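The working numbering numbers the first residue of the sequence shown as 8 and each following residue consecutively.
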Amino acid sequence: HQGAEIIINVTCATKVMAIAAYEAARQKNCSAIYVDTAHGRFLNLTSPGEQAIPIRIGLRDYLSFYGRQPQKSFEFKNLSVSKDKAIEVANYLANAGVNALNTLIWMRKYSPGKGRRTIRAKCKRPLESNQWEVLCQLNKLGLISNLQKISETEISYLIARDHDWKFLDGTWLEVYVWHQAEKCIDEEGGPLFDECDFSIEILGKGGAKKEIDVGCIYRGQLIHCSCKSGQNPFKTRYLDELRAISSLIGGRFCTRLFITNVPRPSENSPGWKDFQSFLQQAKDREIVVVTGEELLNIGAILKREAKKPTFWRV
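Here it is, written out as structure tokens:
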């Protein structure tokens with residue numbers, strides 16, 4: 008390789024080996040590169056006056072480094088409404104808080120199915136006024152249509168496409184988190200994250216499909232979010248699932264967040280003890296938990312975890 012440029016990468020070397028490699032590079036007048044992941048930059052140790060090079064990679068490039076070929080499991084084009092309208096729905100559901108949570112839990116009893124379908128929900132008791140208000144807003148925004156109150160205990164509405172229900176059944180939370188991440192800016196007024204996306208499928212061991220609910224790249228590092236909008240999201244198996252997926256795409260080099268629109272139980276409620284156990288399990292697994300009360304602040308939380316993570320990325 009006569010005439011070729013020699014570059015020595017000392018990032019993964021032990022201290023003794025790194026010092027030896029640095030000395031060899033200095034004597035031979037070649038570059039000794041260190042990848043400073045904490046600050047997202049490449050440093051040339053033999054040219055200390057040289058400007059550091061920022062690490063800039065996309066999400067798909069990052070995943071490909073770990074041998075993963077990502078595929079989208081959700082596309083806006085498959086909805087009955089536009090992308091902008093879907094984002095508006097996600098923002099509405101996040102801001103509606105517990106009212107939206109209870110309405111979507113109620114809808115899950117009646118809405119599953121295939122294809123275009125009219126839902127006729129017969130309730131044991133009248134729907135609460137704030138839940139009816141959420142249904143009316145979803146009807147207005149286009150995710151459901153033909154909403155009718157047949158009687159005080161019977162309601163009907165149309166779900167036009169499977170993707171519309173998939174969105175309401177949980178993808179809306181991924182969209183909300185993704186959109187808030189997209190709006191995060193750095194000190195210079197530019198995007199904080201190099202790339203963000205949601206509903207990304209990768210193949211795990213044995214070819215099983217695994218989903219990254221939301222992924223954000225910050226200076227070559229992954230912020231990996233699991234989003235759960237179900238009635239009882241505080242289960243250890245969800246934490247294990249998140250950790251197992253992250254182990255395929257960086258492990259402790261990732262920051263992991265568990266995000267739900269479900270509020271934390273009150274101290275006097277039956278679920279308080281189990282929730283405290285869940286928080287401890289999350290801490291043991293180095294996972295940041297974001298509950299319903301904090302959801303509207305998710306942009307600031309993502310920014311904090313990117314720049315000064317609760318659990319150091321090593």
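We put the beta carbon where it would ideally sit given N, CA and C, even for glycine. As the structure is a prediction and not an experimental result, all values here were calculated from the model.
Under the three-state reduction of DSSP, which class applies to residue i: helix, strand or coil?
i: L180; result: helix
i: Q228; result: strand
i: I112; result: helix
i: R33; result: helix
i: E82; result: coil
i: R320; result: coil
i: S136; result: helix
i: F265; result: strand
i: K90; result: helix
i: V296; result: strand
i: R195; result: With the sequence shown as reference, residue 195 is identified as Glu, and Arg is not the correct amino acid for it. It is coil, neither helix nor strand.
i: E248; result: helix
i: K129; result: strand
i: L255; result: coil
i: N275; result: coil
i: C19; result: coil
i: K147; result: helix
i: Q187; result: helix
i: A101; result: helix
i: A107; result: helix
i: A11; result: coil
i: G56; result: coil
In chain order, what residues of the same chain lie with their CB nearer than 8 angstroms to the CB of residue i, ignoring the 5 residues before and after it?
i: C5; result: The displayed coordinates of the chain run from 8 to 321. Any statement about residue 5 would go beyond what the structure contains.
i: K35; result: I13
i: K116; result: A128
i: G213; result: none
i: T18; result: I40, Y41 and V42
i: Y73; result: L255, I256 and G257
i: R320; result: T44, A45, Q228, R259, F260, C261 and T262
i: S163; result: T125, I126, R127, A128, N153, L154, Q155 and I157
By the DSSP assignment, the beta strand (DSSP E) with residue i in it spans what residues?
i: A39; result: S38 to D43
i: Q155; result: S152 to S158
i: N16; result: I14 to N16
Can you give me the Cβ contacts of residue i inside the same chain, cut-off strictly under 6 angstroms, excluding the 5 residues immediately before and after it?
i: D220; result: E181, C232, S233 and C234
i: I209; result: R75, P77 and K217
i: C203; result: W185, A188, E189 and C223
i: I112; result: Q238
i: G227; result: G47, I62 and I64
i: E279; result: The displayed chain sequence assigns Trp, not Glu, to residue 279. These residues qualify, in order along the chain: P272.
i: Y225; result: F200 and A313
i: F318; result: E293
i: W172; result: S118 and I166
i: A25; result: V17
DSSP beta-bridge partners for residue i?
i: R124; result: I166
i: R48; result: D43 and P61
i: E208; result: Q78 and E218
i: F241; result: According to DSSP, which records beta bridges pairwise, F241 is partnered with nothing at all.
i: C234; result: I266
i: C223; result: C203 and I230
i: E161; result: K129 and S158
Can you name the start and end residues of the alpha helix (DSSP H) that residue i belongs to?
i: R67; result: L66 to F72
i: F174; result: Element bounds for F174: n/a, residue is neither H nor E.
i: I308; result: I305 to K314
i: K290; result: W279 to D291
What residues in its chain sit with their C-beta under 7 angstroms from that of residue i, if we drop five residues either side in the sequence?
i: R67; result: P77
i: L70; result: P77, I209 and I256
i: I94; result: V182 and H186
i: Q144; result: Y99
i: F241; result: D281, F282 and F285
i: S253; result: H231, C261 and R263
i: I141; result: First, the residue type needs correcting, since residue 141 is Val and not Ile in the sequence shown. For V141, where only same-chain residues beyond five positions count, the Cβ hits under 7 angstroms are A103, N106, A107 and T110.
i: I60; result: R48 and F49
i: I192; result: P198 and L199
i: E159; result: P133
i: T298; result: T267, V269, P270 and R271
i: P316; result: T262
i: K121; result: D169
The segment 239 to 254 contacting the segment 269 to 288, beta-carbon criterion three pairs below 8 angstroms
yes
Check whether the segment 174 to 191 and the segment 153 to 161 touch, using three or more Cβ-Cβ pairs below 8 angstroms as the test.
no
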